[in-house]
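**Q** Residue numbering for the sequence shown follows the working numbering, starting at 5 and increasing by one per position.
Note that CB positions come from ideal geometry on N, CA and C, so glycine has one too.
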Amino acid sequence: MMTTDTLRALASRHSSGARGGIASICSAHPLVIEATLIQGRNDGTEVLIEATCNQVNQEGGYTGMTPADFRRFVETIAAKTGFDTKRLILGGDHLGPNPWKHLPAEEALSRADVMIDAFVSAGFTKIHLDTSMGCAGEGSALADQVTANRAARLAAASEAAAKRSGFDKPVYVIGTEVPIPGGAMEVVEHLQVTTAQAVLETVDVHRRAFATRGLEAAFERAIGVVVQPGVEFGNENVVFYDRPAARELSAALSRIPQFVFEAHSTDYQPVSALSALVEDGFRILKVGPGVTFGLREALYGLDQIAAFLFDIPDADTLRAAMERLMIAEPGNWEKYYHGHEYNLRLQRHFSYSDRIRYYWPHPKAQIAVNRMLAVLEDMVIPETLVSQYFGTLYPAVANNTLRPTARNILVASIQRVIDDYARACR
């Protein structure tokens, strides 16, 4: 069975009323990847891991990895965890001109062509075509026809690469109402749910754009449409799924039975909301910052435990080290966080948008994390401190199903988030 069969079956499952969806884990952090693969191994399910155009591209992205590098990175962790890579699906998220949108459109799209080729040639088989943003000299939003024409252009590059790759032919996700990667930058109060008519028009305009390029067969492998179901998170708040508000949008799927919806920014939704999203046809649930937020919570909890047990001065803690790093190198947060210094300090460490995640690969951050973990080494953390700082994990520790070492707590804290998605998607 091809790995893409799972994705291509989502629409028929929805049409027949069968349960089930798939979570898309959007992260390049090795502990997140490890926890995800362990979850998939234990559940016996396929795992979908996606890299964004800014994280990974032919120029290295902010991770320094090309698509081929990222594949090797994930497969190395899979080998360590015992996860069968035949059940691994790699996806490219927001693939389009976004990393180069400061350039004229043709130059940005030419670089996007190269990026798409690199992703597909490396065996990424779920391709989200995102050409919704304007480039230099254009408006921030483009007409649907322009977006569709550019998406079809990138699909042509993808199909050409697929013929050479030897991997499964890719499936595609399209859409013109695409949320900002990583969540909104301000407090979110009201969201406009995508209208049913907008979805139908999006599918139609893309179908015609693909046909113009002779890509009818490729369009038959289009499985998803990105829409706004009414979920989002900002720096300080989360907008939760309002099922009645999305009823007409959900009903539109009956008129496009080839498709399901892909929901971005589902981070921090409760299991009940995630389950309702899947049942309503949002069968692909994207999560990224919510998982690394859980990682940061665990790191900071362990930091406090280490400081208490070994009487570590505040200036030598992980939290203090991260504050110094983010103040010295503010490029990843200063455009996104606003307010007085109190608010800025709060957001640097505890924002839902979790822009601290960009700093974990930094050498100074890695030194600070490793120093903190070395202090705890393989010691069994006292149950009372687990109760104090990791209350949700305490029952597993008390039942002897989780040995409370620092590493186990880190992985279990990430899996606690991933398991919400696993339960919603079963």
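Start and end of the alpha helix (DSSP H) containing K84?
**A** 71-85
**Q** Just checking my contact of P261 with S19 at CB under 8 Å: how many whole Å lie between their CB atoms?
**A** 5 Å
**Q** Could you check how far apart the C-beta atoms of L281 and L289 are, in whole angstroms? I think they sit under 8 Å.
**A** Yes, L281 and L289 are in contact; Cβ-Cβ is about 6 Å, under 8 Å.
**Q** Whole angstroms are fine: how far does the CA of L92 sit from the CA of T7?
**A** The straight-line gap from Cα to Cα measures roughly 7 Å.
**Q** For G100, which residues from the same chain have a beta carbon less than 6 Å from its beta carbon, with the 5 sequence-adjacent residues on both sides left out?
**A** A116, D134, T135
**Q** Given a cut-off of 7 Å, decide if L257 and G285 are closer than it, judged by their beta-carbon atoms.
**A** yes
**Q** Determine, using beta carbons only, whether V390 and P367 come nearer to each other than 7 Å.
**A** no
**Q** Tell me the DSSP secondary structure of F314 in three-state form.
**A** helix
**Q** Less than 7 Å between C-beta atoms, sequence neighbours within five positions excluded: which residues of the same chain meet that for V295?
**A** I29, S31, V36, I418, V421, I422
**Q** Any chance you could list the beta strand (DSSP E) runs of at least 3 consecutive residues sitting entirely within the stretch 146-184, in chain order?
**A** 175-178
**Q** For the stretch 304-354, which segments carrying the alpha helix (DSSP H) assignment without a break, of at least 4 residues, lie completely within its bounds, in sequence order?
**A** Restricting attention to alpha helix (DSSP H) runs no shorter than 4 residues, the stretch 304-354 encloses them at 322-332, 345-354, ordered along the chain.
**Q** Which one or two residues does DSSP pair with G95 in a beta bridge?
**A** E54, K130
**Q** Cα-Cα, which of E236, A302, E142 is closest to P274?
**A** E236
**Q** Express the C-alpha separation of H194 and T129 in angstroms, rounding to a whole number.
**A** 35 Å
**Q** Could you check how far apart the C-beta atoms of A372 and L322 are, in whole angstroms? I think they sit under 8 Å.
**A** 5 Å
**Q** Give the DSSP-derived three-state secondary structure of L289 in the structure shown.
**A** strand
**Q** Counting Cβ pairs closer than 8 Å, one from the stretch 140-155 and one from the stretch 118-125, do we hit at least three?
**A** no
**Q** So does the stretch 342-349 actually touch the stretch 373-392, counting three or more Cβ pairs closer than 8 Å?
**A** no
**Q** Go ahead and pull the three-state DSSP assignment for D298.
**A** It is Gly, not Asp, that sits at residue 298 in the sequence shown. Three-state result, G298: helix.
**Q** Alpha carbon to alpha carbon, how far is A215 from D424? Give it in angstroms, no decimals.
**A** Straight through space, the alpha carbons of A215 and D424 are spaced by roughly 39 Å.
**Q** Around the Cβ of H106, are there at least 16 other Cβ atoms within 10 angstroms (buried) or fewer (exposed)?
**A** exposed
**Q** What are the residues that DSSP puts in a beta bridge with E266?
**A** V230, I288
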